[in-house]
Amino acid sequence: MDAPQDISMKTEEVLRVELEVFRREHRDLDDAIAALHERGVADQLTLQRLKKKKLFLKDKIALIEDRLTPDIIA
Numbered sequence: 681m682d683a684p685q686d687i688s689m690k691t692e693e694v695l696r697v698e699l700e701v702f703r704r705e706h707r708d709l710d711d712a713i714a715a716l717h718e719r720g721v722a723d724q725l726t727l728q729r730l731k732k733k734k735l736f737l738k739d740k741i742a743l744i745e746d747r748l749t750p751d752i753i754a
């Protein structure tokens, strides 16, 4: 997640690779949050941090998907 925020300079191939990486991280965080919640071993602060990171990744995924999806002018 140390990638530059400006995606306008990145090629489509780089964006697609980043998209897959972010999706995988998002799934992994979802699994980790669910596992911690089921076991009841995580404190609320840890769960909040993981959920915040998951939301950040969701926003990055949406941003990249918007960039990769061509605009359709009707």
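Numbering (our numbering), first residue to last: 681 to 754.
Glycine included, each C-beta is placed from N, C-alpha and C at the ideal position.
| Asked | Found |
| --- | --- |
| Euclidean distance between Cα positions of ASP686 and ILE713 | 29 Å |
| ILE752 vs LEU695 beta-carbon contact at 7 Å | no |
| Through-space distance from LYS734 to ASP710, alpha-carbon basis | 7 Å |
| Whether GLU705 touches LEU737 by CB criterion (7 Å) | yes |
| Assigned exposure category for LYS758 - 16 Cβ within 10 Å defines buried | Here the chain comprises residues numbered 681 to 754, so residue 758 is not present and cannot be evaluated. |
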